[in-house]
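Following this line, the structure appears as structure tokens:
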């Protein structure tokens, strides 16, 4: 309001000056008087606009004020609303249904012209708003309407129309009317923004209230500006008492308060912590996971910090229960199993007296089934330990042939029983490898016992060791059989939990269906790799590749292989991945990929859809159908507009995709999601 | 004929003790049984043995306490004691060894493991 007051004063001064030198009947005088009247109207209008949010009231005020200034019979206001358009007509005369219809039609047409939006009558709510005055004389007949759009920047919020029933309104005062329209447009715009803000605030408030996470927001001075009901519960405070106060003064948990300071002062945008909060209003201590993020204003300056707390007590309880379960199972199940086995063994061994052949046969069966049950329990426990990260490798330097020999001896008699020749093919002068001997033996035992199961009488099984042909930093163990073989399409399934290819076979051969899944996990824990080569009817060979020197998984950078002929793409990806602490290798041509994989086995491959020598999809297909590479995660890369290729890639089994142009975050996210 | 070697089993789970006893008797040993540590000490006063198989967790007196007492009794302090530890945890083993165990075997065990261990310590 202030600038307008000033303006008015200036004009008044001008008027006074002119009074002295210009005769009262001069046209200049009349013009100035008119300008003064205009300014007065503008001031009143302004006050009226900003004192209400109701358009009907605004239109009435506007009509009254403008009517004093320039004679017209009705004012039409059409406004764009969130659920439709409203048409408000303010008139001094009675409005008949037909004139509303005419006005409506005109308004629709004019609105369409100013916004190129097509409207129909159904899109409009009509609010004919007749001023009740004593001198209503006759009906309003629409002779002429002068329309102005209500524009702010590139948005048209509606239109205003001045309706006259007897004359064509002479808008020599166009400038003034334009000012009125602009002012009104600004008011409407302001109201739209305000409504939108209110809506969003209400929505935000509903979200915050219904969340099971606690949310606390502080400003840059660490004053609390927002705290949702769950935060009241977890932090043991009431929002009413803490808003606007320093977090350190109102929240008793020192650790929580400290985190706000830590995230403000660190370079990274985010922070994640797990901790325990002692005094919750629920009267129990609570384990929480805290996620904090800086809030930046549009200029990029840190304007505060938001903290989200999640109660993870239950999850931790579940994890503890699981660990407890594993330990109880291991003891409580295995002890009685051992007792049963021992009891049966005592009888079989003749300790309790002689038994006949039939008795021996049944007791042998009982003992075999106990052994099988024990194996299942052990496998489940192993897998449970691996999955919960509780299995630790005890690495030592050991000769690969010593491990293989041990496994060979274990199975000699079993092979003999089944009339299978068990052969060994150990390479000489192999370097010692740094592995957990028991775990490697466990993998080989598993492979050999599978081979014996699936190899018919008079078949042949070879246990072998050699230096990897592709990379002399790796030792390869293999178990080759002349068994039933495995179909190509089942290679991937083979290493999944409880996935025996043919369930009818598994019934005959026994086994838990967990052996290969465990073997795969154990191989990968060693930084190694396990795969199968086979054809149905021609036997299978399982291969285990282990690094000679242990690469500490924790310290080891994950290695990503890029396959792209495009230098820019390769530069962009390499720099993003290196910043994400990945090692990066790159080849341009599809034919180079296999050699590069054998040089160092990547944790992930990124394949460009366009390669200089072949189609990216074809490469993905090759990789996914080759048993040595089928399990390598692949991220497929295409340019925008080629998204149709993604479906092709996904159906081949690729693990993720990237669509260029991409930024560092997108790259790292896609890569991290695809690596298991 | 040489006198049979005598082994004492201290174990509160009777069925387990009974099976060990059956196996050992079959192998030609004399076996005596005590249901807990205190009973074992009592029997040892009258009837010293060549080897003791000792459980850890037992009522009245546990295996750790019984072993400590045996090791301080001049008459019986050199008898080899094989511990049956319920858990294969390193600290459990350590506790057994600290108390004076000669060797240990984790439950559940194969009878062949136990008999091999018995033979190993009786030879010495």
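Residue numbers (this note's numbering), protein chains in the order written: chain G, 1 to 676; chain X, 1001 to 1124. Here a beta-carbon is modelled for each residue, glycine too, at the ideal position from N, C-alpha and C. Everything numeric in this text was worked out from a predicted model, so none of it was measured.
For the alpha helix (DSSP H) assignment, the region 446-490 of chain G encloses no uninterrupted run of at least 4 residues. Nearest in C-alpha terms to residue 246 of chain G, of all of G:287, G:305 and G:205, is G:305. When the Cα atoms are used, residue 574 of chain G and residue 602 of chain G turn out to be separated by approximately 14 Å.
Looking at the backbone, the Cα of residue 1025 of chain X and that of residue 338 of chain G are separated by about 20 Å. The beta-bridge partner set that DSSP reports for residue 582 of chain G consists of G:558.
When only Cα atoms are considered, residue 608 of chain G and residue 596 of chain G end up about 16 Å apart.
In this structure the region 1017-1033 of chain X does not lie against the region 647-658 of chain G, because fewer than three pairs of beta carbons, one per stretch, are closer than 8 Å.
Just so you know, the alpha carbons of residue 586 of chain G and residue 572 of chain G end up roughly 12 Å apart. Selection G:646, G:277, G:346 and G:263 evaluated against residue 1020 of chain X yields G:346 as nearest (Cα-Cα).
Counting the other CB atoms within 10 Å of its CB gives residue 529 of chain G a total of 16 or more, which places it among the buried residues. Nearest to residue 1119 of chain X by alpha-carbon distance, out of X:1082, X:1093 and X:1018, is X:1082. Here residue 611 of chain G carries a coil assignment [DSSP, helix/strand/coil]. Scanning G:181, G:523 and G:141 for the CA closest to the CA of residue 150 of chain G turns up G:181. Contact between the region 422-435 of chain G and the region 401-412 of chain G is present, with at least three C-beta pairs closer than 8 Å. Those residues of the region 396-430 of chain G placed with their C-beta closer than 8 Å to a C-beta in chain X do not exist. According to the DSSP assignment, residue 41 of chain G belongs to the alpha helix (DSSP H) that extends over 27-51. Neighbours of residue 346 of chain G in chain X, taken as residues whose beta carbon is under 7 Å from its own, are 1019, 1022 and 1023 in chain order. With a 10 Å radius around the Cβ and a threshold of 16 neighbouring Cβ atoms, residue 300 of chain G comes out exposed. With contacts defined by Cβ atoms closer than 8 Å, residue 1108 of chain X and residue 334 of chain G form a contacting pair. Here residue 1037 of chain X carries a helix assignment [DSSP, helix/strand/coil]. For residue 1026 of chain X, the chain G residues whose Cβ falls inside 9 Å of its Cβ are 346, 349, 350, 351 and 352, in order along the chain. Scanning G:605, G:293, G:622 and G:163 for the CA closest to the CA of residue 63 of chain G turns up G:163. By the C-beta density criterion, residue 1067 of chain X is buried, having at least 16 other C-beta atoms within 10 angstroms. At a cut-off of 8 Å, the C-beta of residue 342 of chain G has a neighbouring C-beta in chain X. Contact between residue 147 of chain G and residue 161 of chain G holds, since their C-beta atoms are separated by about 5 Å, short of 8 Å.
At a beta-carbon threshold of 9 Å, the residues of chain G lying near residue 1107 of chain X are 331, 334, 335 and 338, ordered along the chain.
A distance below 6 Å between beta-carbons, with the five flanking residues on each side excluded, links residue 409 of chain G to no residue of its chain. Residue 158 of chain G: not part of any alpha helix (DSSP H); member of the beta strand (DSSP E) spanning 155-164, first to last residue. Among the CB atoms of chain G, none fall inside 8 Å of the CB of residue 1084 of chain X. Bounds of the alpha helix (DSSP H) holding residue 229 of chain G are 229-235. Taking C-beta atoms as the reference points, residue 366 of chain G and residue 351 of chain G fail to come closer than 8 Å. In the three-state scheme derived from DSSP, where H, G and I count as helix and E and B as strand, residue 588 of chain G is classed as coil.
In this chain, the beta strand (DSSP E) harbouring residue 214 of chain G covers 214-219.
Under a criterion of Cβ atoms nearer than 7 Å, the residues of chain G adjacent to residue 1015 of chain X are, in order, 339. Distance check between residue 153 of chain G and each of G:177, G:303, G:186 and G:550 places G:186 closest, using alpha-carbon atoms only.
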